[in-house]
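All residue numbers for the sequence shown refer to my numbering, where the first residue is 362 and numbers rise by one. No residue lacks a Cβ here, since even glycine has one placed at the ideal position from N, Cα and C.
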Amino acid sequence: MNSTFETRLADVRRRIQAACERVGRRPEDVRILAVSKTCAPDCIREAAAAGLMDFGESRVQEARQKIPLCPDALTWHLIGHLQTNKVKDAVNLFHSIQAVDSLKLLLAIEAAAEAAGRAMPVFLEVNVSGESSKFGLAPGVVPDILKAANALRRVEIRGVLTIPPLAEDPERARPFFRALREHRDRWRQETGFELRELSMGMSHDFEIAVEEGATWIRPGAVLFGKRH
Ligand SMILES: *Cc1c(COP(=O)(O)O)cnc(C)c1O
362 MNSTFETRLA
372 DVRRRIQAAC
382 ERVGRRPEDV
392 RILAVSKTCA
402 PDCIREAAAA
412 GLMDFGESRV
422 QEARQKIPLC
432 PDALTWHLIG
442 HLQTNKVKDA
452 VNLFHSIQAV
462 DSLKLLLAIE
472 AAAEAAGRAM
482 PVFLEVNVSG
492 ESSKFGLAPG
502 VVPDILKAAN
512 ALRRVEIRGV
522 LTIPPLAEDP
532 ERARPFFRAL
542 REHRDRWRQE
552 TGFELRELSM
562 GMSHDFEIAV
572 EEGATWIRPG
582 AVLFGKRH
């Protein structure tokens, strides 16, 4: 069992390294956020034993039950849509909230973080493709959100996240990853926010995301096996 996970992880790391070599990046600049939604605490323990520290969950409710059963030293990131009525729980459970998709949500996180007396790292989720089925901010509204965020004391906007449209061929994701990076570069210039982190790339397209500048990739199935 353990060797299976370790083999999968080693393979992902090898592929990150190869993608980095193709574009002249350093593998240590690409971090793995292991997407553990639907995985049992045993699997997460196994992943932690293999050296992973950062885990991504989509749902507050699932995380609330699971996190107390997992090793203490792990870092948890919320990568799914967050409803404002669950913000307080999310702020208590997670080390970062990576799918902030409205100003209203950002302000609710600020208020909850203020009440909890902590800082809250967040990412803005950007809907680069404009698909109506997707959560995420239209790129055009991001500068205004950043301007509003200047007044906030508790949220720390670390970067941006995107999910490209589903496609069999991972190359189809490349224009969306590239567009997010280019938007980010422009927002950085326009607003002064560094937006260092680019969270992009899942099991089937992470190599393309690395080639396009991802600093966090979010593989799930390729590490833990297919979800049921
Ligand atoms: C489920 C999920 C992932 C992981 O997807 P895989 O295809 O299993 O790698 C990554 N990011 C988000 C936002 C997800 O919801």
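Per DSSP, the continuous beta strand (DSSP E) segment holding Gln459 begins and ends at 457-461. Judged by DSSP secondary structure, Phe496 falls outside any alpha helix (DSSP H); it is assigned neither H nor E. In the DSSP assignment, Val583 falls within the alpha helix (DSSP H) that extends over 582-585. For the 9 Å CB-CB criterion, Pro432 and Ala409 form a contact.
If only uninterrupted beta strand (DSSP E) runs of at least 3 residues are considered, those enclosed by the segment 427-481 are 436-439, 457-461. Here Val483 is buried, its C-beta having at least 16 other C-beta atoms within 10 Å. Under the criterion of beta carbons closer than 8 Å, Ile377 and Val571 qualify as touching, at roughly 6 Å. A Cβ-Cβ separation of about 6 Å places Val487 in contact with Leu541 under the 8 Å criterion. Burial is judged here by how many other beta carbons sit within 10 angstroms of a residue's own beta carbon; Arg519 has at least 16 and is buried.
At the C-beta level, Glu492 and Phe538 stay beyond 9 Å of one another. Secondary structure note for Phe416: it is in no alpha helix (DSSP H), and the uninterrupted beta strand (DSSP E) holding it is 415-418. Rounded to the nearest angstrom, the gap between the Cα atoms of Ala395 and Glu418 is 9 Å. Counting other Cβ atoms within 10 Å of its Cβ, Pro500 reaches 16 or more and is therefore classed as buried. Nearest to Val521 by alpha-carbon distance, out of Asp546, Glu532, Ala469, Asn511, is Asp546. Residue Val448 holds the alpha-carbon nearest to the alpha-carbon of Ala424 among Val448, Ala474, Ser490.
Ligand 1 has no heavy atom closer than 8 Å to the beta-carbon of Ser490. With fewer than 16 other Cβ atoms from the protein chains shown falling within 10 Å of its own Cβ, Lys465 counts as exposed. For Leu485, the three-state secondary structure derived from DSSP is strand.
For Leu507, there is no enclosing beta strand (DSSP E); the residue is part of the alpha helix (DSSP H) that begins and ends at 503-510. In this structure, the CA atom of Arg533 is about 34 Å from the CA atom of Ile470. Shown here, Glu555 sits in coil according to DSSP, grouped into three states, outside any helix or strand.
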